[in-house]
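So for the sequence shown, this note's numbering puts the first residue at 124; every next one is plus one.
Cβ coordinates follow ideal geometry from the N, Cα and C atoms, glycine included.
The structure presented is a predicted model; accordingly, all values stated were derived computationally and were not measured.
A short worksheet on the structure shown next.
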Amino acid sequence: MALNSRLVAGIHFAATLFSVPVISAGIWLAMQADNACVKLLQWPVIAVGVVLLLVGLAGFVGALWRLPYLVLFYLTAMLVMILVLAGLVVFIFVVTAGGSGRPEPNRVYREYRLEDYSGWLRRKVEDRWARIRSCLGSTGICAEMNQTYHLAQEFFYADISPLQSGCCKPPTECGYTFVTPTYWISPISVAANSDCARWSNEETELCYACDSCKAGLIANLDKEWRRADLILVVALAVLVLVYVMGCYAFRASKTDEIFRRYKQGYHGS
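The following block contains the structure:
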């Protein structure tokens, strides 16, 4: 029984350890400028990780101190949390599926259209846009390009982020003439794209009012959320394996206890 108790405790402690990558994924998202402005995914991920940590600790203590009710709580709660984590993994995969940037002639960076992305993400971004726009404007993501790219050819062949492509310059189809990455000369006639008229050379305006900015933001979120989702998938797979091992070890320990009591009763008679 003592050996099995230590084994079960070790398995539950492993589950506790694998809550750390989940929490880390949430913290990493919170440290990204765009996610910090949007505030959609990082806190749910961190919350799931923290609950997994607490549940794992409960299972560890229950197994180590031989408290069956605490181990049963762990097995039940961990099953629920595994299902929650699996749902979160599937949700991220669904909302980030599909959309991608559109190539433009003689450009390395891509252009982004709002209609190419998840309807759920579009609604969430549009509903919060006034706050998100103000937050993005304070990050310096556009100003830093002026320090890096000084010539048009340097800029046109730069692999800038979707957020910078959508928010910091006018759409390529508008026909603006490059002066600096955030300062462009307007053409005589503006293209039909409504974002062309929304562009401003004011550092506080730029293309923050453009649909391309919202699309670039979503494209950035997609990229970062997929990276976080990969970590969650690995953590989920390991947690499922650890959970199955924990169930088997708990069942084995209970079986050993039944046989021990039976033998004591048999010899006592």
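Using a 10 Å radius around the Cβ and a threshold of 16 neighbouring Cβ atoms, would you call ILE215 buried or exposed? Here residue 215 refers to the residue found at position 92 of the sequence shown. Burial call: buried.
From this set, VAL302, GLY298 and TRP322, which residue's C-alpha is nearest SER312's C-alpha? Against the sequence shown, residue 312 aligns to sequence position 189. If we check each option's Cα against that of SER312, GLY298 comes out closest.
Bridge partners of TRP307, per DSSP? Counting from one through the sequence shown, the residue named residue 307 turns up at place 184. Paired residue(s): PHE301.
Can you check DSSP and say which residues form a bridge with ARG225? By one-based count along the sequence shown, residue 225 stands at place 102. Its beta-bridge partners are GLU234.
Separation of THR300 from LEU211, as counted between CA atoms: Here the question's residue 211 lines up with position 88 in the sequence shown. Here the question's residue 300 lines up with position 177 in the sequence shown. Each residue's Cα considered, the two are about 44 Å apart.
Apart from the five residues on each side of it in sequence, which residues of its chain come closer than 7 Å, Cβ to Cβ, to GLY260? Here residue 260 corresponds to residue number 137 of the sequence shown, with the count starting at 1. Hits under 7 Å: THR327 and TYR331.
Spatial neighbours of THR303 within its chain, please: CB distance less than 6 Å, with the 5 preceding and 5 following residues excluded, ordered by chain position. Within the sequence shown, residue 303 is the residue found at index 180, counting from 1. Within the same chain, THR303 has close Cβ partners ASN269.
Within 10 Å of its beta-carbon, does GLY289 have 16 or more other beta-carbons around it, so buried, or fewer, so exposed? In the sequence shown, residue 289 corresponds to position 166, counting from 1. Counting Cβ neighbours within 10 Å, GLY289 comes out buried, since at least 16 surround it.
Does the ligand ADP have a heavy atom nearer than 7 Å to the CB of TYR366? Among the components modelled here there is no ligand, and therefore nothing to report on the ligand ADP.
Environment of ALA134 [buried if 16+ CB atoms lie within 10 Å]: Counted from its first residue, the sequence shown places residue 134 at position 11. Here residue 134 turns out to be Ile, not Ala, going by the sequence shown. Label assigned to ILE134: buried.
8 Å Cβ cutoff met for MET201 and VAL171: Residue mapping note: residue 201 aligns to position 78 of the sequence shown, counting from 1. Residue mapping note: residue 171 aligns to position 48 of the sequence shown, counting from 1. Going by C-beta atoms, MET201 is not nearer than 8 Å to VAL171.
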